[in-house]
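K.L.:
Residue numbers for the sequence shown follow this note's numbering, beginning at 415 and rising by one.
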Amino acid sequence: MSRPTAAKRFAAKVNTAGPVSLYRGAPGPCHLWTGGTVDDRAGQFGEHYGKFWHAGRMVRAHRYAYEQANGPIPDGLEVDHKCRRRDCVNERHLEAVDHRTNTLRSTGPTAANARKTHCPAGHAYDAANTYRGSDGGRKCRACKRARARGEQHLAPVATLTAPTLERTAA
Ligand SMILES: [Zn+2]
Ligand SMILES: [Zn+2]
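1) Is Ala556 near ligand 2, with its Cβ less than 7 Å from a heavy atom?
2) Just the C-alpha distance for Ala560 and Tyr437, rounded to the nearest angstrom, thanks.
3) Quick one: Cα of Val473 to Cα of Lys558, how far?
4) Using 7 Å as the cut-off, classify the Cβ of Asn504 as near or not near the heavy atoms of ligand 1, replying yes or no.
5) Please list the terminal residues of the continuous alpha helix (DSSP H) segment that includes Tyr463.
6) Apart from the five residues just before and just after Val503, which ones in its own chain have a Cβ nearer than 7 Å to its Cβ?
7) Tell me whether Arg417 sits in a helix, a strand or coil according to DSSP, three-state version.
8) In chain order, what residues of the same chain have a beta carbon less than 6 Å from the beta carbon of Thr430, not counting five sequence neighbours either side?
9) Taking only heavy atoms of ligand 1 into account, decide whether any of them is closer than 7 Å to the Cβ of His495.
10) Could you give the DSSP three-state label for Ala431: helix, strand or coil?
11) Is Gln482 near Ala426, with beta carbons less than 8 Å apart?
12) In this structure, does DSSP put Phe459 in helix, strand or coil?
13) Using only the alpha-carbon positions, how far apart do Gly550 and Gly439 sit?
14) In this structure, does DSSP put Thr515 in helix, strand or coil?
15) Under 8 Å Cβ to Cβ from Thr544, same chain only, skipping five residues before and after it: list those, please.
16) Below 7 Å, is the gap between the Cβ of His513 and the nearest heavy atom of ligand 2?
17) Count the other C-beta atoms from every protein chain shown that fall within 10 angstroms of the C-beta of Lys530, then say buried if there are 16 or more, exposed otherwise.
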């Protein structure tokens with residue numbers, strides 16, 4: 415039996431049913447790296463990057479994915495996640511940009527929101543459950559259905575204090 419190709423080894427470590435990206439430039443679901451990661455505490459967010467052994471050395475998984483789709487990364491450029499998820503290796507979410515652009519895009523509340531994988535009520539932002547609102551943000555279909563049924567899924571049970579329950583019962 416022959417050894418699997420690098421592309422096959424790579425694909426085996428990718429979950430292509432990740433959350434749908436918040437960003438218009440990054441269509442479809444994120445492809446999440448499920449293999450090993452390298453600690454990047456020195457980086458701005460102290461997050462982890464996927465790592466992949468290729469041709470006898472360790473490469474960052476998203477850089478490998480970018481190069482498989484687009485060819486070598488141009489000198490001086492970094493591979494940016496347009497979806498703002500560092501564990502994503504979907505080549506359609508990756509773009510070679512300079513360091514300043516990469517840093518600017520990685521900050522701010524929109525970037526923080528994009529890293530969330532679930533709605534405030536705990537439903538997954540996957541392809542089947544996500545649609546885009548008029549403000550461009552991700553919306554949860556399960557919550558929309560609940561609102562249509564007149565249910566309120568967002569209020570934690572703890573906020574239903576005794577007076578509230580009495581009013582409801584009356
Ligand atoms: Zn992505
Ligand atoms: Zn929801």
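Beta carbons: idealized from backbone N, C-alpha and C, even for Gly.
Quick caveat: nothing in here was measured; it's all calculated off a predicted structure.
P.N.:
So, from the data block:
1) Within the sequence shown, residue 556 is the residue found at index 142, counting from 1. Correct: Ala556 has its Cβ closer than 7 Å to ligand 2.
2) As a first step, residue 560 is located in the sequence shown; it is residue number 146 there, counting from the start. As a first step, residue 437 is located in the sequence shown; it is residue number 23 there, counting from the start. Roughly 25 Å between the two C-alpha positions.
3) The count along the sequence shown starts at 1 and reaches residue 473 at position 59. The count along the sequence shown starts at 1 and reaches residue 558 at position 144. So the alpha carbons of these two residues sit roughly 42 Å apart.
4) Within the sequence shown, numbered from 1, the residue matching residue 504 stands at position 90. Yes; taking the cut-off as 7 Å, the Cβ of Asn504 has a heavy atom of ligand 1 nearer than that.
5) Mapped onto the sequence shown, residue 463 falls at position 49. Counting along the chain, Tyr463 falls outside any alpha helix (DSSP H), though it belongs to the beta strand (DSSP E) covering His462 to His468.
6) As a position in the sequence shown, residue 503 is number 89, starting the count at 1. Contacts found: Val428, His445, Trp447, Gly464, Ala475, His476 and Ala479.
7) In the sequence shown, the residue the question calls residue 417 occupies position 3. Here Arg417 sits in coil by DSSP.
8) Counted from its first residue, the sequence shown places residue 430 at position 16. If we look at Thr430 and ignore the five residues flanking it on each side, its Cβ neighbours are His445.
9) In the sequence shown, the residue the question calls residue 495 occupies position 81. Yes; taking the cut-off as 7 Å, the Cβ of His495 has a heavy atom of ligand 1 nearer than that.
10) What you label residue 431 is simply residue 17 of the sequence shown in a count that begins at 1. DSSP places Ala431 in coil when its eight states are reduced to three.
11) Translated into positions along the sequence shown, residue 482 becomes position 68. Translated into positions along the sequence shown, residue 426 becomes position 12. Not in contact: Gln482 and Ala426 (Cβ atoms no closer than 8 Å).
12) Position 45 of the sequence shown, counted from the start, is the residue given in the question as residue 459. Caution is warranted here: a pLDDT of 47 is assigned to Phe459, below 50, making its placement in the model unreliable, and no coordinate value can be reported.
13) Taking the sequence shown and counting its residues from 1, one reaches residue 550 at position 136. Taking the sequence shown and counting its residues from 1, one reaches residue 439 at position 25. C-alpha separation (whole angstroms): 12 Å.
14) Residue numbering aside, residue 515 sits at position 101 when the sequence shown is read from its first letter. The answer is helix: DSSP assigns Thr515 an H, G or I state.
15) Translated into positions along the sequence shown, residue 544 becomes position 130. Same-chain partners within the cutoff: Pro433, Val434, Arg552, Lys553, Cys554 and Arg555.
16) The residue given as residue 513 occupies position 99 in the sequence shown. False, no ligand heavy atom lies under 7 Å from that Cβ.
17) As a working mapping, residue 530 is identified with position 116 in the sequence shown. Label assigned to Lys530: exposed.
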